[in-house]
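Engineer:
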């Protein structure tokens with residue numbers, strides 16, 4: 093378990109250098125396909141992107157590479173069995189669809205005509221997520237070159253969906269449908285990033301999500317606030333009181349049972365987070381916010397990575413036009429979302445929210461609550477052998493650098509893989525915050541992209557050893 | 093001061109009966125003019141209504157009857173000096189514009205073709221407010237007939253505005269412009285109603301109104317609730333917390349100083365309110381509400397008539413469309429209004445609200461507060477001699493019935509007259525809740541309309557005596 097390069101490192105690096113040009117040419121070809129899942133006009137491009145990837149994976153050596161249909165955009169599945177009888181199985185997740193992009197949004201060049209400037213590859217999807225899917229193709233070839241094998245040391249599977257940028261509406265059903273073929277000992281998600289170019293990190297978890305709409309109905313129509321004000325319950329007031337009651341003075345969520353069984357941060361985890369070179373001013377700039385506010389006793393990073401939240405995403409009721417209108421509104425509406433951390437069960441949270449709301453709505457107000465589909469949180473224990481293997485492999489690729497740990501505050505389809513396949517989820521991403529996901533001039537750092545290749549070249553052998 | 097009819101009653105009643113047919117014909121002619129101030133297409137009709145009224149007031153005997161221009165719809169001013177050197181001056185207020193009305197809204201007959209059914213005159217404006225303005229024309233003639241005078245016992249002035257149904261946007265300026273000509277010892281507002289056909293009442297006050305919009309600004313744009321949720325202030329949460337903090341658990345307004353100097357209900361006033369035949373179920377039906385809620389320690393009528401309130405008329409922030417959107421909104425907006433009672437100063441309330449909000453908005457949220465023009469509360473002391481005169485006159489018209497007291501929870505231009513003219517405001521209205529103000533099939537009860545005539549026939553002489 094070394095932090096220093098070993099003899100494998102120069103071997104891998106030489107192989108990668110030798111195939112760098114062809115690899116980048118192929119990636120550029122893929123990036124030219126505008127696979128924008130959100131825009132119906134690009135539906136044929138999303139399909140073309142899937143077909144291109146399946147073809148390229150076959151060319152890479154995957155004996156199986158299929159386009160999987162969904163009610164929406166197609167996904168790609170590929171499989172390369174190890175051949176070793178007791179080899180563990182690894183499923184890599186990514187997506188081949190991209191965010192919308194147009195030159196006039198502020199791009200310096202055509203978003204679908206990749207260009208390399210200052211060792212950066214600029215194109216929509218360069219980092220999110222085509223670049224990070226594609227490093228696995230050269231990665232597995234480098235792994236074979238390093239080990240002299242004809243098949244990977246693990247049963248390697250890839251699932252590359254085509255609707256991630258549209259909220260993965262059919263992803264869970266797809267995973268459930270193909271549960272048997274997707275079965276894996278560990279899932280590696282390549283759709284996240286690192287702290288920065290100079291601070292390589294591994295993400296160890298994402299928060300879950302439960303969200304609901306609460307509709308509150310008072311008078312049968314808007315009524316005169318002079319004639320009736322002060323004597324009947326106002327649904328907008330009730331909505332506001334629910335939101336206000338969500339938190340106590342320490343900004344802790346007050347719903348009974350909300351914090352039950354959650355995985356509290358250990359001292360070691362808090363120390364690891366505190367070691368990161370966090371700068372509040374630049375974080376606030378990224379957040380476009382003008383102040384911090386959150387649960388007492390936790391730092392900003394702890395709050396967004398490791399603590400559950402209750403947020404109001406939308407509130408509305410009564411008159412919202414210009415000027416005043418002296419009414420008591422007939423209804424008010426709330427959109428609430430709860431970010432969840434390991435240990436929280438979305439079903440229990442939903443039940444707790446329903447009870448809590450029902451107990452707080454006064455007589456004379458009728459309410460309805462509608463929950464959306466929940467996403468579970470996922471968290472990799474820091475002592476998980478597979479995580480240690482990822483860290484070792486990454487450290488080799490990064491010239492012995494210390495690999496630190498981050499988390500994601502958001503929620504994603506990784507949780508569906510964790511749930512349906514009952515497999516731990518790990519994250520391997522080499523993107524950095526400056527890559528501009530969803531923004532004009534998205535890019536990927538070529539040095540980091542190739543370190544992704546190197547990492548996987550080391551990883552499959554190491555994982556094969558620790559997961560047996 | 094008698095509750096029983098005296099010899100004047102049969103005299104007045106005979107006079108009214110004699111002129112009833114011509115009076116109703118004239119009123120019907122006025123009601124045929126669709127003076128809808130809210131609809132630009134009816135602007136010529138509103139002007140025609142003013143000109144018709146001025147003509148009719150001259151015909152009635154008023155030496156002065158003028159159409160007064162405003163930047164919007166014209167008002168009518170009329171004056172009939174008493175001739176007695178020390179006669180007090182009374183200004184009657186009403187309005188000649190009406191709410192929109194169309195047959196297809198549910199009217200049984202054309203809203204601008206008056207029809208009498210079962211002793212009720214149906215037409216838009218029959219009760220609100222043409223009928224209640226017009227009873228003053230026959231009323232002053234009956235007063236002259238009763239007293240044998242050639243001019244009223246008071247200097248009688250009428251101000252009949254043309255924009256009440258559009259919020260009286262130019263009324264205060266009009267009153268200020270003509271302050272000298274409008275000067276009066278007492279103002280009589282004929283634009284309210286009574287408790288019911290069987291419970292004649294006098295309104296003794298209206299609540300005031302202060303309203304504001306509060307804009308709260310957080311992140312520069314909507315931001316991702318996963319990436320940033322739990323760590324930055326959410327303006328929608330801040331808006332909700334302001335609304336929730338407006339009241340304590342007794343539904344009392346918490347803003348410091350809010351209740352300072354208010355005219356508390358006396359035991360006698362509370363008893364008078366409690367004597368009214370209040371039925372909560374029918375009140376709730378009128379309110380279209382499904383429950384009562386208000387300041388602890390007060391009845392529903394006390395809450396809407398005599399207690400100040402803070403209500404949210406509108407709230408909005410973040411995503412309000414279908415489904416969910418996991419954002420922290422960049423802004424949120426509140427419309428608050430405060431109903432005020434006697435003793436409260438709108439300027440002090442505004443200052444108190446501004447201080448209270450500023451102290452509650454957290455770092456990282458910017459806020460702006462905009463107040464509209466305030467309306468002061470008005471309240472007639474129960475022992476005011478002019479109020480006693482109104483009660484006596486009304487009791488005569490109502491065959492010796494006990495006259496009880498109500499208030500109005502709403503706010504109106506009466507307060508502008510009180511403020512600008514520094515005169516007490518009294519209310520004389522004979523409309524009842526079933527008259528359907530602003531609704532289809534608006535009507536006025538002919539028996540009550542003529543009791544309005546009778547009341548004023550008695551009133552001017554009595555007022556002249558008590559106000560000298």
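Protein chains in written order, with the working numbering: chain A, 93 to 560; chain B, 93 to 560.
Ideal Cβ positions, reconstructed from N, Cα and C, are used throughout, including at glycine.
Buried or exposed: residue 208/A, going by 16 or more other Cβ atoms within 10 Å of its Cβ?
Structural biologist: As a first step, residue 208/A is located in the first chain; it is residue number 116 there, counting from the start. Flag for residue 208/A reads exposed.
Engineer: Considering only their Cβ atoms, is the gap separating residue 405/B from residue 419/A smaller than 7 angstroms?
Structural biologist: As a position in the first chain, residue 419/A is number 327, starting the count at 1. As a position in the second chain, residue 405/B is number 313, starting the count at 1. Going by C-beta atoms, residue 419/A is nearer than 7 angstroms to residue 405/B.
Engineer: Under three-state DSSP, which class holds residue 99/B?
Structural biologist: Along the second chain, one-based indexing puts residue 99/B at 7. Coil, per DSSP.
Engineer: Grouping DSSP H, G and I as helix and E and B as strand, with all else coil, what is residue 228/B?
Structural biologist: Locating residue 228/B in the second chain gives position 136, where the first residue counts as 1. If DSSP states are grouped into helix, strand and coil, residue 228/B belongs with the helices.
Engineer: Can you pull the chain A residues whose beta carbon is under 9 angstroms from the beta carbon of residue 135/B, in chain order?
Structural biologist: In the second chain, the residue the question calls residue 135/B occupies position 43. The contacting residues do not exist; residue 135/B stays about 21 angstroms from chain A at best.
Engineer: List the residues of chain B whose Cβ lies closer than 9 angstroms to the Cβ of residue 434/A, in chain order.
Structural biologist: Stepping through the first chain from its first residue, residue 434/A is reached at position 342. Correct list: empty, because the minimum Cβ distance to chain B is about 15 angstroms.
Engineer: According to DSSP, simplified to helix, strand and coil, what is residue 319/A?
Structural biologist: The sequence position of residue 319/A within the first chain is 227, counting from 1. In the structure shown, residue 319/A sits in a helix (DSSP, three-state: H, G or I).
Engineer: Mind checking which residues open and close the beta strand (DSSP E) that includes residue 530/A?
Structural biologist: As a working note, residue 530/A is residue 438 in the first chain. Unbroken run through residue 530/A: none, as it is neither H nor E.
Engineer: Alpha carbon to alpha carbon, how far is residue 95/B from residue 170/B?
Structural biologist: In the second chain, the residue the question calls residue 95/B occupies position 3. In the second chain, the residue the question calls residue 170/B occupies position 78. Any reading at residue 95/B must be qualified, since the residue scores a pLDDT of 37, below 50, and its modelled position is unreliable; the value itself is stated next. Computed Cα separation, rounded: 33 angstroms.
Engineer: Within 7 angstroms of any Cβ in chain B, is that where the Cβ of residue 105/A sits?
Structural biologist: As a working mapping, residue 105/A is identified with position 13 in the first chain. By this cut-off, residue 105/A is not an interface position.
Engineer: Between residue 257/A and chain B, is any beta-carbon pair separated by less than 7 angstroms?
Structural biologist: The count along the first chain starts at 1 and reaches residue 257/A at position 165. By this cut-off, residue 257/A is not an interface position.
Engineer: What is the rounded straight-line gap between the Cα of residue 464/A and the Cα of residue 261/A?
Structural biologist: In the first chain, residue 464/A corresponds to position 372, counting from 1. In the first chain, residue 261/A corresponds to position 169, counting from 1. Rounded to the nearest angstrom, the two C-alpha atoms are 12 angstroms apart.
Engineer: Taking CB distances under 7 angstroms as the criterion, tell me whether residue 408/B reaches chain A.
Structural biologist: In the second chain, residue 408/B corresponds to position 316, counting from 1. Chain A, which has a Cβ nearer than 7 angstroms to the Cβ of residue 408/B, makes this yes.
Engineer: What is the DSSP secondary structure of residue 246/A, reduced to helix, strand or coil?
Structural biologist: Looking up residue 246/A in the first chain gives position 154. If DSSP states are grouped into helix, strand and coil, residue 246/A belongs with coil.
Engineer: Can you confirm whether the region 287-298 of chain A touches the region 270-283 of chain B when touching is taken to mean that 3 or more C-beta pairs between the two stretches lie within less than 8 angstroms?
Structural biologist: At 8 angstroms Cβ cutoff, the stretches do not touch.
Engineer: Which term fits residue 229/B, buried or exposed, when burial requires 16 or more other beta carbons within 10 angstroms of its beta carbon?
Structural biologist: Numbered from its first residue, the second chain carries residue 229/B at position 137. That one is buried.
Engineer: Closer than 7 angstroms between beta carbons: that is the criterion. Which residues of the region 306-330 of chain A meet it against chain B?
Structural biologist: Here the close residues are 310, 311, 312, 313, 315, 316, 317, 318, 319, 320, 321, 322, 323, 324, 325, 326, 328 and 329.
Engineer: Comparing the C-beta of residue 441/A with each C-beta of chain B, is any distance below 7 angstroms?
Structural biologist: If you number the first chain from 1, residue 441/A lands on position 349. Taking Cβ atoms only, chain B never reaches closer than 7 angstroms to residue 441/A, which makes this a no.
Engineer: Leaving aside the five residues before and after residue 193/B along the sequence, list all residues of the same chain whose C-beta is less than 6 angstroms from its C-beta, in chain order.
Structural biologist: The residue labelled residue 193/B in the question sits at position 101 within the second chain. The answer, listed in chain order, is 203 and 216.
Engineer: Taking the alpha carbon of residue 330/B as the point to measure from, which residue in 475/B, 223/B, 449/B and 394/B has its own alpha carbon closest?
Structural biologist: Counting from one through the second chain, the residue named residue 330/B turns up at place 238. Cα-wise, what sits closest to residue 330/B is 449/B.
Engineer: Pick from 280/B, 313/B and 141/B: whose alpha carbon is nearest that of residue 185/B?
Structural biologist: On the second chain, residue 185/B is found 93 positions in, with the first residue counted as 1. Comparing Cα-Cα distances from residue 185/B to each of 280/B, 313/B and 141/B, the minimum goes to 280/B.
Engineer: In three-state terms, what does DSSP make of residue 351/B?
Structural biologist: As a working mapping, residue 351/B is identified with position 259 in the second chain. Residue state, collapsed to three classes: coil.
Engineer: I need the DSSP call for residue 324/A, collapsed to helix, strand or coil.
Structural biologist: Locating residue 324/A in the first chain gives position 232, where the first residue counts as 1. Here residue 324/A sits in coil by DSSP.
Engineer: Look at residue 503/B and residue 467/B and say whether their C-beta atoms are less than 7 angstroms apart.
Structural biologist: Sequence index remark: in the second chain, residue 503/B carries index 411 (1-based). Sequence index remark: in the second chain, residue 467/B carries index 375 (1-based). Contact flag set, yes.
Engineer: Would you call the region 490-507 of chain A and the region 391-406 of chain A touching, i.e. three or more CB-CB distances under 8 angstroms?
Structural biologist: These segments touch.
Engineer: For the region 537-546 of chain A and the region 508-528 of chain A, state whether three or more C-beta atom pairs, one from each stretch, are separated by less than 8 angstroms.
Structural biologist: Yes, since at least three Cβ pairs between the region 537-546 of chain A and the region 508-528 of chain A fall closer than 8 angstroms, the two stretches touch.
Engineer: Closest by CA to residue 254/A, which one among 428/A, 127/A and 119/A?
Structural biologist: Indexing the first chain from 1 puts residue 254/A at position 162. Among 428/A, 127/A and 119/A, the Cα nearest to that of residue 254/A is on 127/A.
Engineer: Which residues, taken in chain order from the region 501-512 of chain B, show a beta carbon closer than 7 angstroms to some beta carbon of chain A?
Structural biologist: Within the region 501-512 of chain B, the qualifying residues are 501, 502 and 503.
Engineer: Using a Cβ-Cβ cut-off of less than 7 angstroms, give me the residues of the region 230-247 of chain B that come near chain A, in sequence order.
Structural biologist: Of all residues in the region 230-247 of chain B, none has a Cβ within less than 7 angstroms of some Cβ in chain A.
Engineer: What are the start and end residues of the alpha helix (DSSP H) that includes residue 362/B?
Structural biologist: The count along the second chain starts at 1 and reaches residue 362/B at position 270. Counting along the chain, the alpha helix (DSSP H) containing residue 362/B begins and ends at 359-367.
Engineer: Under 8 angstroms by Cβ, that's how I've got residue 104/B and residue 555/B pegged, so tell me the actual separation to the nearest angstrom.
Structural biologist: Within the second chain, the letter at position 12 stands for residue 104/B. Within the second chain, the letter at position 463 stands for residue 555/B. That belief does not hold up - the Cβ atoms of residue 104/B and residue 555/B are roughly 16 angstroms apart, past 8 angstroms.
Engineer: How would you list, in chain order, the residues of chain A whose beta-carbon sits under 8 angstroms from the beta-carbon of residue 429/B?
Structural biologist: Position 337 of the second chain holds residue 429/B. Correct list: 317, 321, 416 and 418.
Engineer: In the DSSP assignment, the alpha helix (DSSP H) including residue 147/B goes from what residue to what residue?
Structural biologist: Here residue 147/B refers to the residue found at position 55 when the second chain is read from its first residue. First-last of the alpha helix (DSSP H) with residue 147/B: 135-152.
Engineer: Report all residues from its chain with a CB closer than 6 angstroms to the CB of residue 218/A; omit the five preceding and five following residues, and keep chain order.
Structural biologist: Sequence index remark: in the first chain, residue 218/A carries index 126 (1-based). Answer for residue 218/A: 534, 535 and 536, listed in chain order.
Engineer: Quick one: is residue 374/B buried, meaning 16 or more other Cβ sit within 10 Å of its Cβ, or exposed?
Structural biologist: Position 282 of the second chain, counted from the start, is the residue given in the question as residue 374/B. It counts as exposed.
Engineer: With residue 240/A as the anchor, note down where its beta strand (DSSP E) starts and where it stops.
Structural biologist: For this step, residue 240/A is matched to residue 148 along the first chain. Run containing residue 240/A: none; DSSP gives neither H nor E here.
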